[in-house]
Every structure is written in structure tokens, then in C-alpha cells.
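Quick notes on the structure that follows.
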Amino acid sequence: MKLATWNVNSLKVRLPQVIDWLEANQPDMLCLQETKLLDENFPQSEIASIGYQSIFIGQKTYNGVAILSKQKGSEIVTAMPSFDDEQRRVIAATYEDIRVVSIYVPNGDNVESSKYEYKLKWLLALNRWLQQELKNHKKLVLMGDFNIAPEDRDVYDPKMWEGKVLCSEPERMAFNELLNLGFTDSFRLFEQPEKSYTWWDYRMMAFRLNRGLRIDHILLNNELARACAACVVDKTTRKLERPSDHAPVMVELSM
DNA sequence: ATGGTAGAGGATCTA
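As C-alpha cells, then:
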């Protein structure tokens with residue numbers, strides 16, 4: 202079984218790339234972030250035509266998340282309970298016995314910003330919600346755009362980024378507190394290429410110079426971590442015409 | 001000189 206996550210930065214623009222990628226990689230589920238589409242505009246039929254079901258929750262211009270899957274999902278949730286949020290950043294569903302929680306964590310802008318406060322509150326609410334989800338589901342995967350680079354090795358220039366948003370200690374602590382609930386960062390279960398990242402700024406030739414950060418993650422609970430056979434970042438999408446600034450991440454589970 | 005690029009939407013806001 203293959204599970205993937207990809208911040209597409211507008212599904213309208215990236216739909217042809219998403220369809221090509223699904224056909225080439227055949228994941229069982231693909232979580233999308235930053236669809237930037239109202240639900241009425243979601244390209245459900247185009248995605249269905251290649252054999253994938255869609256669940257989604259979107260809004261105009263910003264945010265928006267979806268899960269595309271070969272099998273039908275159940276117990277669909279489109280927001281965190283007990284966290285009032287106008288922004289569409291969460292979608293979860295159960296596929297057979299696997300609970301999939303797909304998230305788009307707020308960016309935070311900068312550590313002085315009120316958006317940063319919102320990010321930390323959002324992460325606290327996520328932690329609390331997942332404690333419940335872990336109790337209710339034996340197999341759980343949490344994946345998406347976390348907007349957090351967990352360690353210095355996930356950052357092309359750790360000194361320049363020290364204390365900055367995406368790398369600050371409170372954010373990294375929030376990430377570690379998620380791990381402490383009983384999750385494993387699937388990417389670090391395996392030998393990986395040096396300087397592996399999932400996001401590169403569009404500006405300043407960042408991708409060409411591999412000035413990136415690893416901020417998109419697939420976290421597996423213990424039951425699924427035991428079954429994990431691979432985790433890879435697919436950089437090839439970042440080389441396409443009109444790419445997303447993020448690359449997809451995919452895990453393979455032996456089950 | 002707080003720059004630069006992309007997306008949405010139609011001036012800025014977000015990332």
C-alpha cells in the first residue's frame with residue numbers, strides 16, 4: 202500500500218500534474234494541501250475518470266485540503282473538533298482499517314506575527330485531537346504540510362534559519378510533542394540522500410541551488426511504522442513547467 | 001534598497 206502527500210499550491214493550476222503523478226505512481230491515497238478551491242469547483246469528475254475518489258473541504262483563494270483515494274473513505278471529518286477555525290486545513294477519513302489524517306498547518310509568517318500565535322494554538326489543538334484519534338484507531342497516519350522543519354539537517358542553511366518561522370524552537374517542540382504521542386517520522390526510518398527537502402522557495406533560484414526545507418511529513422503510529430518499507434521525496438515534480446513549490450512525499454507499507 | 005516569485009483576483013494578501 203502506498204500513501205502520499207503533496208502541497209499543490211492551487212489544484213486548478215496543478216490538476217494535470219496531479220493526474221499524471223497519480224497515473225505514474227498509483228498511490229492508494231494522496232493527500233493534497235492548498236487546493237485553493239471552493240467545493241463547488243473541485244475537479245471531482247476529472248479525478249474520478251482515472252479511478253480516484255475525492256473528499257475535500259475548501260475555500261476561496263487560500264488553504265483547502267483533500268484526500269484522493271482508490272477506495273471509499275468512511276468516518277469523514279473536515280475540521281478539528283473543539284477548535285473553531287474558519288480556515289480549511291484538516292480532513293480525515295478511514296480506509297478499511299487505516300485512519301488517515303491530512304493537515305495543512307498554518308505557515309505562521311514570522312515569529313512576531315499573530316499568525317505565528319495562531320499556528321502554535323493550532324498545533325496544540327491538533328495534539329489534543331490526535332490523542333483521541335490514537336485511542337480510537339489502531340492504525341493511524343498523520344500527513345501533510347506541517348510547515349515545520351524538525352531538525353537542522355532538514356534545513357539548507359540552519360544558521361540563517363535559526364529561530365525563524367518553520368524552524369523556531371516552539372514549533373520544533375510542538376512537532377516533537379506529536380512524535381511523543383506515539384508517531385514515527387517515516388522519512389527517518391531509512392537512509393536518505395544528504396540535503397533532502399520537500400519545499401523550495403520560488404525565488405532566488407532556490408530549487409536549482411537546493412536551498413530547501415523538509416516541511417512535509419508522513420508520521421506513522423507504531424502499528425504502521427512497523428509495516429513501513431520505504432519513504433521517498435519525489436523531486437521530479439519540482440522540475441516540471443509551472444511546478445508547485447512543494448514536492449510529494451510517499452510511503453510504502455507492507456500490508 | 002526587507003528586494004526576489006507564484007497564485008488568486010483584480011489591490012493586496014499569503015506563502
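Start counting the first sequence at 202; every next residue gets the next number (our numbering).
The C-beta atom is built at its ideal place from N, Cα and C for all residues, glycine as well.
Since the structure is predicted, the reported quantities are computational estimates derived from the model, not experimental observations.
Exercise for the section: Ignoring anything shorter than 4 residues or poking outside the stretch 345 to 424, list the alpha helix (DSSP H) runs there in chain order. Expected result: 359 to 362 and 370 to 381
Problem - Among 439, 316 and 405, the one whose alpha carbon lies nearest that of residue 215 - result: Working through the first sequence from its first residue, we reach residue 215 at position 14. Minimum Cα distance to residue 215 is reached at 439.
Problem - Proximal residues to residue 407 (C-beta, below 7 Å), its chain only, five neighbours per side dropped - result: Position 206 of the first sequence, counted from the first residue, corresponds to residue 407. If we look at residue 407 and ignore the five residues flanking it on each side, its Cβ neighbours are 401 and 413.
Exercise for the section: Please report the residue range of the beta strand (DSSP E) in which residue 276 lies. Expected result: As a first step, residue 276 must be located in the first sequence, where it is residue number 75. Start and end: 275 to 278.
Problem - DSSP-derived helix/strand/coil call for residue 242 - result: Counted from its first residue, the first sequence places residue 242 at position 41. Residue state, collapsed to three classes: helix.
Handout entry: Buried or exposed (CB count within 10 angstroms, at least 16 for buried), residue 299
Key = Residue mapping note: residue 299 aligns to position 98 of the first sequence, counting from 1. Residue 299 comes out buried.
Practice task
Just grab the DSSP bridge partners of residue 338 for me.
Solution key: Reading the first sequence from its first residue, position 137 is the one you call residue 338. Bridge partners of residue 338: none, in fact.
Practice task
Count the other C-beta atoms from every protein chain shown that fall within 10 angstroms of the C-beta of residue 259, then say buried if there are 16 or more, exposed otherwise.
Solution key: Mapped onto the first sequence, residue 259 falls at position 58. Label assigned to residue 259: buried.
Exercise for the section: Run the CB neighbour count on residue 322, radius 10 Å, all protein chains shown included, and call it buried at 16 or more, exposed below. Expected result: To locate residue 322, count along the first sequence from 1; it is residue 121. With fewer than 16 Cβ atoms within 10 Å of its Cβ, residue 322 is classed as exposed.
Exercise for the section: Mind the definition here: the stretch 281 to 293 touches the stretch 249 to 268 only if three or more C-beta pairs lie below 8 Å; say whether that holds. Expected result: yes
Handout entry: Nearest-angstrom beta carbon gap, residue 417 and residue 346 [assumed within contact, 8 Å]
Key = Position 145 of the first sequence, counting from 1, holds the residue named residue 346. Position 216 of the first sequence, counting from 1, holds the residue named residue 417. Contact holds; Cβ gap of about 5 Å.
Problem - Best match in 436, 421 and 281 for proximity to residue 430 [C-alpha to C-alpha] - result: For the purposes of this step, residue 430 is taken as the residue at position 229 of the first sequence. Checking every option, the nearest Cα to that of residue 430 belongs to 421.
Problem - Three-way DSSP call (helix, strand, coil) for residue 283 in this model - result: For the purposes of this step, residue 283 is taken as the residue at position 82 of the first sequence. It is coil, neither helix nor strand.
Practice task
Go through its chain and collect everything with a Cβ distance to residue 352's Cβ below 8 Å, but skip five positions before and after it.
Solution key: The residue you call residue 352 lines up with position 151 of the first sequence. So the qualifying residues of the chain are 373.
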